[in-house]
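Let me begin by presenting the structure, written as structure tokens, before commenting on it.
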């Protein structure tokens, strides 16, 4: 059951119809009681009992009508009818018997008391029903705001209830200081563009202390009814509560984002300092040894030191490239330039970037005999393979074997990098492709590095429309699988 609040014009029309119906009931009941009383009198039933018929008629009128007026009219009409038809002299309004005066007086008193009590009972019943309807409506309004999010949704929900149950158009203007970055003006569809201030009913929308906006209701100059007033104020109050909740949530998210950003910057700076310092230290040590002991070093030692310098330089370049790629990804500036590339060429380019451990006979490569052309950004895909190989080299252990495998799958080209090490730690498996996720290595210069390699791999692969997966093998070790959509080169 819902409470409806009709407009003033509709209220007036309904009131006129109700009064016409009440008059009709008054005529019908009085006619019926008179006819029944005459019939009973003709059957020899005394006029004292006839009065009970008229009293029942008065009670019937109070039940069928609203208020005290028609019950009072029914009492007076019944009194005159009884006097005219049943008191001596008959068919006149004169009374000759003193007992009839007393009987008529008691009848009038009894009918007025019964009519008044019945009308009060009806009024209380009507008020109780209206209160139940109002409570149900207010509960419905409060419930509708419970799970709302978004400033526009909250405001539009409130305006919809006001328009639906009062018929008035309304407009909400929020404070720019609080909601300046969002839309701050909302109105119902038929809200007039030009309207006099006298025809507006304004209410502030505010939390416990601070104003949040204003609601303006375009209405006729007649005062609002009690039901309309309480409905509007309830909607505005609920709107203010939920808007305040939304504002606090947005502020909390903004602060949380700022804190996470600061934490991210701090972590990035610490990690970058290590990832850059470690290869630079190796380069500096090897070059200093060559400079200081060049005359006493044999050719093989010089080559080995030069190889170490090259290896550390490659690592440094990879780290810097990862940082640059992650910056582009976070800013949305990563551009994928797809061209058809031979899978074997991508593998060869990746191996040249990890020559330091490919030369240790730890890397095995399995490629198909047929030439496979895949539409991809060659530089970025090589970066993905290098990151996966470098990740396997650093985390699988010193004596493990690493396999780089490529084959054609169902509508995709599959790249797999697997090792026979200890596998992926369960504590980081669910966040493996997030930034800054690393595990310490069991070597002397180990430390938590920048941890961007796998996050970059995921972003690049997804930019190609593919997917990347990581799992532990049943026999031990980890396997990383990349699936890139495959399409034959046209023409």
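In my numbering, the protein residues as written are 12 to 502.
All residues carry an ideal CB built from backbone N, CA and C; glycine is no exception.
Item, Value
"Stretch pair the segment 310 to 322 + the segment 347 to 364: three plus CB contacts closer than 8 angstroms", "no"
"Close-in-space but distant-in-sequence residues of the same chain around residue 40 (CB under 6 angstroms, 5 per side omitted)", "68, 71 and 72"
"Coarse secondary structure for residue 380, derived from DSSP in three states", "coil"
"contact_flag[the segment 209 to 222, the segment 251 to 270] where n(CB pairs < 8 angstroms) is 3 or more", "yes"
"Distance CB(residue 434)-CB(residue 488) smaller than 8 angstroms", "yes"
"Alpha carbon of residue 481 to alpha carbon of residue 443, nearest angstrom", "8 angstroms"
"CB-CB length for residue 243 against residue 177, believed under 8 angstroms", "7 angstroms"
"Residue 24 in three-state terms, based on DSSP", "helix"
"Residues that DSSP places opposite residue 413 in a beta bridge", "374 and 430"
"Supposed contact pair residue 82 and residue 130 - C-beta distance, whole angstroms, cut 8 angstroms", "6 angstroms"
"Cβ-based burial, residue 118 [other Cβ within 10 Å; buried from 16]", "buried"
"Residue 203 in three-state terms, based on DSSP", "coil"
"Test item: CB-CB of residue 494 and residue 425 under 8 angstroms", "yes"
"6 angstroms CB neighbourhood of residue 92 in its chain, flanking five on each side removed", "45"
"Cβ-based neighbour list, residue 420, same chain, cut-off 8 angstroms, excluding 5 preceding and 5 following", "494 and 497"
"Neighbourhood of residue 125 by C-beta distance below 8 angstroms, restricted to the same chain and skipping five residues each side", "66, 69, 70 and 73"
"Same chain, Cβ closer than 8 angstroms to residue 198, five either side skipped, listed in chain order", "170, 180, 181, 182 and 183"
"Residue 420 (DSSP reduced to helix, strand or coil)", "strand"
"Residue from 235, 76 and 155 whose Cα sits closest to the Cα of residue 29", "76"
"8 angstroms contact criterion, which residue 385 and residue 415 should meet: CB distance rounded", "Actually they are not in contact, since the Cβ atoms of residue 385 and residue 415 sit about 15 angstroms apart, beyond 8 angstroms."
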